[in-house]
Amino acid sequence: MGKFSFPQQTAFYKGKVRDVYTIGNGLLVMIASDRISAFDVILPRAIPYKGQVLNQIAARMLEATADICPNWLLAVPAPNVAIGKKCIPFTLEMVVRGHLVGHAWRTYSSGQRILCGVPLPEGLKENDPFPTPIITPATKAEQGHDEDISKTEIIAKGLATEEEWNTLASYTLQLFERGKVIAAKQGLILADTKYEFGKIGDTIYLMDEIHTPDSSRYFYADGFEERQQKGERQKQLSKEFVREWLIANNFMGKEGQTVPDMSDEWVQTISNRYIELFEKVTGEKFKPEMLSEEETYNRVVKGLEELNM
């Protein structure tokens, strides 16, 4: 999808997987593309319907958590487009973990027992639940990899005041609890996720997508305990399967490594998996909609006109 030029547009930013248009001083149009990234690298081929899947899951989850904290979303004029309030972002990702998995497990298995200033209990196995969820923030890097940071460092560096941190942490834990309840209704366990926040004036808003397979890791609840007891791998709903394919083809985003070719069949497989993710996470049948650029443009313009009325 090409770059648009919307009425009253004042800025444009192309992210790894999203195109973000600033309208006037107060609105953002966020287009979730079908680009896919892993290891901070955009892969060479787009995945049909991926943008629609992520945008529509995020819209449902933002609506389902709007009573916990204010969020940025105002309208969803097209399947892969969201319009919302422009916030001044905190340069932080509020990562919250209910289970010892991914980066937390890699840290733990290396022998470390402190992650982002948070002590980790002894005697845990991979994928075990923590006694209570932990917050392990990361800095949002403009380029390269995000880095772990502690609450103390965040306040010392002025990335958030202590009062702001307390609000961010409270919202994060409440959102995660709600996410777990929503997941449980679908036979899933929300193992970990991340939230991003920003401010308008003194008010903190939840921004970006939430509880999507790109920002979260889900386990299947059925058979979870049995698999843990036997030391078997857990069944996951996330884009981990794409990372695993890349690792199997000797790519982890390191210098000198080449992204492997993606066959038509593999691209279709990834698309099918994303559609499966949508249906499992939401409990709804996916209705694919592939709009032309002209139709997408017209819907966004109409959505902006309705918001400015």
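Quick note on the numbering used here: the sequence shown kicks off at 66 and runs consecutively.
For every residue, glycine included, the Cβ atom is placed at its ideal position computed from N, Cα and C.
Only a predicted model underlies this, so the values are computations on that prediction, with no experimental measurement involved.
Run of the alpha helix (DSSP H) containing Lys245, from where it starts to where it stops: Locating residue 245 in the sequence shown gives position 180, where the first residue counts as 1. Note, Lys245: alpha helix (DSSP H), 227-250.
Candidates Lys245, Glu341, Tyr114, Gln299, of which the one nearest Val161 by Cα: Here the question's residue 161 lines up with position 96 in the sequence shown. It is Lys245.
Test item: CB-CB of Phe155 and Leu224 under 8 Å: In the sequence shown, residue 155 corresponds to position 90, counting from 1. In the sequence shown, residue 224 corresponds to position 159, counting from 1. Yes, the Cβ-Cβ distance between Phe155 and Leu224 is below 8 Å.
Element boundaries [beta strand (DSSP E), containing Lys150]: Position 85 of the sequence shown holds residue 150. Note, Lys150: beta strand (DSSP E), 146-150.
Tyr362, enclosing alpha helix (DSSP H) - first and last residue: Your numbering for residue 362 matches position 297 in the sequence shown. Note, Tyr362: alpha helix (DSSP H), 358-373.
Closest residue to Met272 among Tyr285, Lys264, Tyr173 (Cα-Cα distance): Position 207 of the sequence shown holds residue 272. Met272 has its Cα closest to that of Lys264, out of Tyr285, Lys264, Tyr173.
Exposed unless 16 or more other CB atoms sit within 10 angstroms - verdict on Ala123: Taking the first residue of the sequence shown as 1, we reach residue 123 at position 58. Counting Cβ neighbours within 10 Å, Ala123 comes out buried, since at least 16 surround it.
Validate contact between the stretch 179-193 and the stretch 140-157 using beta carbons, cut 8 Å, 3 pairs: no
Coil, strand or helix - Phe306 by DSSP: Here the question's residue 306 lines up with position 241 in the sequence shown. In the structure shown, Phe306 sits in a helix (DSSP, three-state: H, G or I).
Within 8 Å, strictly: CB atoms of Lys350 and Glu344: One-based indexing of the sequence shown puts residue 350 at position 285. One-based indexing of the sequence shown puts residue 344 at position 279. Yes. Within cutoff.
Option nearest Gln294 by Cα separation, candidates Ala313, Gln121, Glu191, Gln74: The count along the sequence shown starts at 1 and reaches residue 294 at position 229. The candidate whose alpha carbon is nearest that of Gln294 is Glu191.
Backbone secondary structure at Ser174 - three-state DSSP: For the purposes of this step, residue 174 is identified with residue 109 of the sequence shown, where counting begins at 1. Correct three-state label for Ser174: helix.
Where the alpha helix (DSSP H) through Asp329 begins and ends: Along the sequence shown, read from residue 1 onward, the residue named residue 329 stands at position 264. Segment 329-347, the alpha helix (DSSP H) holding Asp329.
C-alpha gap between Met95 and Asp84, whole angstroms: On the sequence shown, position 30 is the one that residue 95 refers to. On the sequence shown, position 19 is the one that residue 84 refers to. About 6 Å.
Min CB distance Gln121 to chain B below 8 Å: No chain B appears in this structure, which consists of one protein chain only.
Contacting residues, own chain, Cβ-Cβ under 8 Å from Asp257 (five flanking each side not counted): For the purposes of this step, residue 257 is taken as residue 192 along the sequence shown, with counting starting at 1. Taken in chain order, the residues that qualify are Val160, Val161, Arg162, Gly163, His164, Val166, Gly167, Ala169, Ser281, Arg282.
Proximity to Cys134 [Cα-Cα], best of Ile269, Gln301, Tyr114, Cys181: Here residue 134 is taken as the residue at index 69 of the sequence shown, counted from 1. Checking every option, the nearest Cα to that of Cys134 belongs to Ile269.
With 16 other Cβ atoms within 10 Å as the buried cut-off, status of Tyr78: In the sequence shown, the residue the question calls residue 78 occupies position 13. Tyr78 should be labelled exposed.
Counted within 10 angstroms of its Cβ, other Cβ atoms place Asn231 as buried (16 or more) or exposed: Working through the sequence shown from its first residue, we reach residue 231 at position 166. Exposed.
Local conformation of Asn136 per DSSP, three classes: Along the sequence shown, read from residue 1 onward, the residue named residue 136 stands at position 71. DSSP places Asn136 in strand when its eight states are reduced to three.
Nearest-angstrom Cβ-Cβ length linking Arg100 and Lys81, presumed shorter than 8 Å: Stepping through the sequence shown from its first residue, residue 100 is reached at position 35. Stepping through the sequence shown from its first residue, residue 81 is reached at position 16. The pair is a contact, with the Cβ atoms about 7 Å apart (cut-off 8 Å).
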